[in-house]
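Structure first, then comments.
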Amino acid sequence: MRGMLLSFYNPGKILPLYFIRTHWNGSNFMLLLAIAALIVGLIALMWSADHFVNSAAVTARHLGMSPMLIGLTIVAIGTSAPEILVSLTAALKGSGDLAVGNALGSNIANIGMVLGLTLLIAPIRVNKRLMGKELPLLAAITLVSGAILYDNSITFIEGVLMIAGLIAAMVLINYWQKKPDDEPLTSIGEESEDEIQEMPQTKATLILVGSLALLLVSSNILVESATYIARYFGISELIIGLTIVAIGTSLPELAASVASALKGHPDMALGNIIGSNMFNLLAVMAVPGLVAPGSISPEALIRDYPAMCALTLLLMALTLIGKKPRVLGRISGLVLCSGYIAYAGYIAFGGMLIATAS
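Numbered according to the UniProt record's numbering, the sequence shown spans residues 1 to 358.
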């Protein structure tokens, strides 16, 4: 009886341990380590970005900056810091496809996933200025980015022009906001003076520096693990950038947008997403050209750029059609989510086919 019990409880015969003992090797261990690093990197990225935004807002207020200026500058940069740092790290390591895929994928995720889920929670009424100025400006920037990607490369000059375009866009939006007859542009990161956390300047500065350092470290972990996983399965780095990395760096926007909808302020999400997408196209996508100019996979222009354009045009169309024009409701959210799911499924299925063929 005792022998039977010992045999039954033999760790080598327990299914998970037996599988590990008979099938595990160094390559599988590295894959598990890469997946764990990817998860840790995403968590650290979100946590550090949140603390960076909070400490930056406190620092800006101590410097006498207005809440509007905080939202347009420090907070806007902070919420897009994950995308910037991931693209910078990828470009420095020679993974230009991952950097471009991150920019395009984040825009697709922002419209399809972030805005779509927000609309499923609460409708958004689009103000006239957003529909008549910011949305057309985003469409124009989207077209310009396509022209830059047309030759499947991003040069240093093009990177400089994109940064100049970002500065011009910020100046233009700031000018529109100063017009007294317009509604103010609301942003997820923008807080009123009363809502900004009270914190001594010294503490805010220390948190600002520390969270920025963690952003750098976590972005490096994210890129390294994503690249390893891509190569392990034979999937291109472009696809990994468009899916795992893009969704991961969009999670702060998703959490903020859903939270604003639950708190009864869903209109904040749209302004934040439009601004974030402009920043991704003019700053995040400029990084490879500024740091390591070179060629980009043709798939970015042939497959992923059209998907981003389609979702951008779909968003503009949804603001004009329906029973209540200028109101984005749950049906619009369902349409956007469905579009994102279809796109993600398509590239995931294509990636599996490539892995199988190889």
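For glycine and all other residues, C-beta sits at the position ideal for the given N, C-alpha and C.
Report task. Tell me whether isoleucine 141 is buried or exposed, calling it buried when 16 or more other Cβ atoms sit within 10 Å of its Cβ. Result -> Here residue 141 is taken as the residue at index 141 of the sequence shown, counted from 1. Isoleucine 141 is buried by the Cβ-count criterion.
Query raised in the report: Looking at C-beta atoms only, is the number of pairs between the segment 274-294 and the segment 150-169 that lie closer than 8 Å three or more?
Result: Note that the segment 274-294 touches the segment 150-169; at least 3 beta-carbon pairs, one per stretch, sit closer than 8 Å.
Requested in this report: Below 7 Å CB to CB, which residues in the same chain sit around leucine 206 once its five sequence neighbours on both sides are set aside?
Outcome: Taking the first residue of the sequence shown as position 1, residue 206 is located at position 206. Nothing meets the Cβ criterion.
Query raised in the report: CA-CA distance, tyrosine 340 and asparagine 110?
Result: Your numbering for residue 340 matches position 340 in the sequence shown. Your numbering for residue 110 matches position 110 in the sequence shown. Answer to the nearest angstrom: the Cα atoms are 10 Å apart.
Requested in this report: Specify the secondary structure class of residue 360 as computed by DSSP and reduced to three states.
Outcome: What is shown of the chain runs 1 to 358, which leaves residue 360 out entirely.
Report task. Might you give, ordered along the chain, the residues of its own chain that have their beta carbon closer than 6 Å to the beta carbon of histidine 51, omitting 5 neighbours on each side? Result -> Within the sequence shown, numbered from 1, the residue matching residue 51 stands at position 51. The residues are Ile207, Ser211.
Query raised in the report: Where DSSP assigns a beta bridge to valine 327, which residues make up the other side?
Result: Along the sequence shown, one-based indexing puts residue 327 at 327. Valine 327 pairs with Arg125.
Query raised in the report: Three or more beta-carbon pairs under 8 Å between the segment 147-154 and the segment 289-298, yes or no?
Result: yes
Query raised in the report: Which residues in the same chain have their Cβ closer than 6 Å to the Cβ of leucine 315, if we skip the five residues on either side of it in sequence?
Result: To locate residue 315, count along the sequence shown from 1; it is residue 315. Shown here for leucine 315: same chain residues with a beta carbon closer than 6 Å to its own, the five before and five after excluded, namely Ile111 in chain order.
Requested in this report: Can you tell me which of the three DSSP states isoleucine 341 falls into?
Outcome: Taking the sequence shown and counting its residues from 1, the one referred to as residue 341 is at position 341. Helix.
Report task. Report buried or exposed for arginine 61, applying the criterion of at least 16 other Cβ atoms within 10 angstroms of its Cβ. Result -> Numbered from 1 along the sequence shown, position 61 holds the residue referred to as residue 61. When all chains shown are included, arginine 61 counts as buried.
**Report entry** Helix, strand or coil at isoleucine 154 according to DSSP, with G and I counted as helix
**Finding:** To locate residue 154, count along the sequence shown from 1; it is residue 154. Strand.
**Report entry** Residues near serine 219 by beta carbon distance below 6 Å, same chain, minus five either side
**Finding:** Taking the sequence shown and counting its residues from 1, the one referred to as residue 219 is at position 219. The beta carbon of serine 219 lies closer than 6 Å to those of Leu85, Val86, Thr89 in the same chain, with the five residues before and after it left out.
Query raised in the report: So the alpha helix (DSSP H) aspartate 97 belongs to, where does it begin and stop?
Result: In the sequence shown, counting from the first residue as 1, residue 97 sits at position 97. Counting along the chain, the alpha helix (DSSP H) containing aspartate 97 begins and ends at 96-109.
Requested in this report: State the Cα-Cα distance for the pair valine 40 and alanine 34, rounded to the nearest angstrom.
Outcome: As a position in the sequence shown, residue 40 is number 40, starting the count at 1. As a position in the sequence shown, residue 34 is number 34, starting the count at 1. Cα to Cα, valine 40 sits roughly 10 Å from alanine 34.
**Report entry** Where serine 27 falls, given that 16 or more other Cβ within 10 Å makes a residue buried
**Finding:** Sequence index remark: in the sequence shown, residue 27 carries index 27 (1-based). Serine 27 comes out exposed.
Query - Residue interval of the alpha helix (DSSP H) (run including tyrosine 139) - result: In the sequence shown, the residue the question calls residue 139 occupies position 139. The question names tyrosine, yet the displayed sequence has alanine at residue 139. Element bounds for alanine 139: 135-149.
Report task. Using a threshold of 7 Å, state whether the C-beta atoms of isoleucine 108 and alanine 307 are closer than that. Result -> Position 108 of the sequence shown, counted from the first residue, corresponds to residue 108. Position 307 of the sequence shown, counted from the first residue, corresponds to residue 307. Yes. Within cutoff.
Query - Residues bridged to glycine 294 (per DSSP) - result: Working through the sequence shown from its first residue, we reach residue 294 at position 294. Answer is Ile154.
Query - leucine 301 beta carbon less than 7 Å from that of leucine 149 - result: For the purposes of this step, residue 149 is identified with residue 149 of the sequence shown, where counting begins at 1. For the purposes of this step, residue 301 is identified with residue 301 of the sequence shown, where counting begins at 1. Contact: yes.
Query raised in the report: Where do the N-terminal and C-terminal ends of the alpha helix (DSSP H) with serine 219 fall, by residue?
Result: By one-based count along the sequence shown, residue 219 stands at place 219. Looking at the DSSP string, the run of the alpha helix (DSSP H) that includes serine 219 is 201-233.
Requested in this report: Could you give the DSSP three-state label for serine 236: helix, strand or coil?
Outcome: Counted from its first residue, the sequence shown places residue 236 at position 236. When secondary structure is reduced to three states using DSSP, serine 236 falls in the coil class, being assigned neither helix nor strand.
Query raised in the report: So is alanine 213 buried or exposed if we call it buried at 16+ other beta carbons inside 10 Å?
Result: Position 213 of the sequence shown holds residue 213. It counts as exposed.
Query - First and last residue of the uninterrupted alpha helix (DSSP H) at alanine 300 - result: Position 300 of the sequence shown, counting from 1, holds the residue named residue 300. Neither: alanine 300 is in no alpha helix (DSSP H) and is coded neither H nor E.
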